[in-house]
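Enquirer: Structure provided below as C-alpha cells; questions to follow.
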Amino acid sequence: MQIDAIDQRILCRLQENGHLSNQDLAEQVALSPSACLRRVRALEEAGLIRGYRAVLDAEKLGFELEAVVHVSLDQSRPGWHEEFLAGIALHDEITEASIVTGASNYILTVRTRNLAAFSQFVEDKLSKIPGVRDLCSHIVMRKVKSRGGMLPLAGWR
Numbered sequence: 001m002q003i004d005a006i007d008q009r010i011l012c013r014l015q016e017n018g019h020l021s022n023q024d025l026a027e028q029v030a031l032s033p034s035a036c037l038r039r040v041r042a043l044e045e046a047g048l049i050r051g052y053r054a055v056l057d058a059e060k061l062g063f064e065l066e067a068v069v070h071v072s073l074d075q076s077r078p079g080w081h082e083e084f085l086a087g088i089a090l091h092d093e094i095t096e097a098s099i100v101t102g103a104s105n106y107i108l109t110v111r112t113r114n115l116a117a118f119s120q121f122v123e124d125k126l127s128k129i130p131g132v133r134d135l136c137s138h139i140v141m142r143k144v145k146s147r148g149g150m151l152p153l154a155g156w157r
C-alpha cells in the first residue's frame, strides 16, 4: 500500500489519540468524514493499523514494580526456543519479550504489584521455565521517557 501525506497525518493523529471520532479525525486531516473513514479502513485492512486500546496507568492500578529481566537459556536443549516461548506465554506479568543479541537470549519487561510479588514471580514461575540458565533483573526506579510503543512519525518520509 502506498502511503501519502494524508495517510501519514491520519496515522499520526490516531497514534496520539486512538479514541478520536471519525468526524474529529476528518477535521484534523482536512478530509470529509466519508473519505477519512475509507482511508482509515484501508489502513486497517493493509495491516498498518493493528488495533486500538486504552493505555492504563499501571501505578494507579496497583502495579508499582516494573523490572527488565535478561534471560539466558541452555541452548543445548532440543526445542529450547519454542519451550521458552510457550513458558512465557503463560504469564501475564511479562508485558514485553524480545529476542536480543549479546550476552542474553531474551529481555523481558515484567510488571507486578510490588517487590514481594516480583520475587515470588521470579522464584516460582520464571526460573522454573525449562531451559532457563541465568536471570539478571533490573528494577526500574523511575521512567524518564516512555512513548508507549509509539513510532517516531513526526519526521517520517
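Going by full-length UniProt numbering, the first residue of the sequence shown is number 1, and it counts up by one from there. We treat Cβ as the ideally placed atom computed from N, Cα and C, and that holds for glycine. Just so you know, these numbers come straight off a predicted model, no measurement behind them.
So which of G47, E64, Y52 and S34 has the shortest CA-CA distance to N17?
Expert: In the sequence shown, the residue the question calls residue 17 occupies position 17. Nearest C-alpha to N17: Y52.
Enquirer: So, do the segment 70-80 and the segment 34-47 have three or more beta carbon pairs nearer to each other than 8 Å?
Expert: no
Enquirer: From P130 to L108, what distance separates their C-alpha atoms?
Expert: As a first step, residue 130 is located in the sequence shown; it is residue number 130 there, counting from the start. As a first step, residue 108 is located in the sequence shown; it is residue number 108 there, counting from the start. Taking the straight line from one Cα to the other gives about 16 Å.
Enquirer: Strictly by DSSP, which residues pair up with T109?
Expert: Here residue 109 is taken as the residue at index 109 of the sequence shown, counted from 1. Residue pairing by DSSP places T109 opposite V68 and E96 in a beta bridge.
Enquirer: Taking residue 178 and N105 to be in contact with their CB atoms under 8 Å, please state how far apart those CB atoms are, rounded to whole angstroms.
Expert: Residue coverage of the chain in this structure runs from 1 to 157, which leaves residue 178 outside it and unanswerable.
Enquirer: Write down the C-beta distance between L56 and I49 rounded to the nearest angstrom, noting that I regard them as a contact closer than 8 Å.
Expert: Translated into the one-based positions of the sequence shown, residue 56 becomes position 56. Translated into the one-based positions of the sequence shown, residue 49 becomes position 49. Not confirmed; about 20 Å, so no contact.
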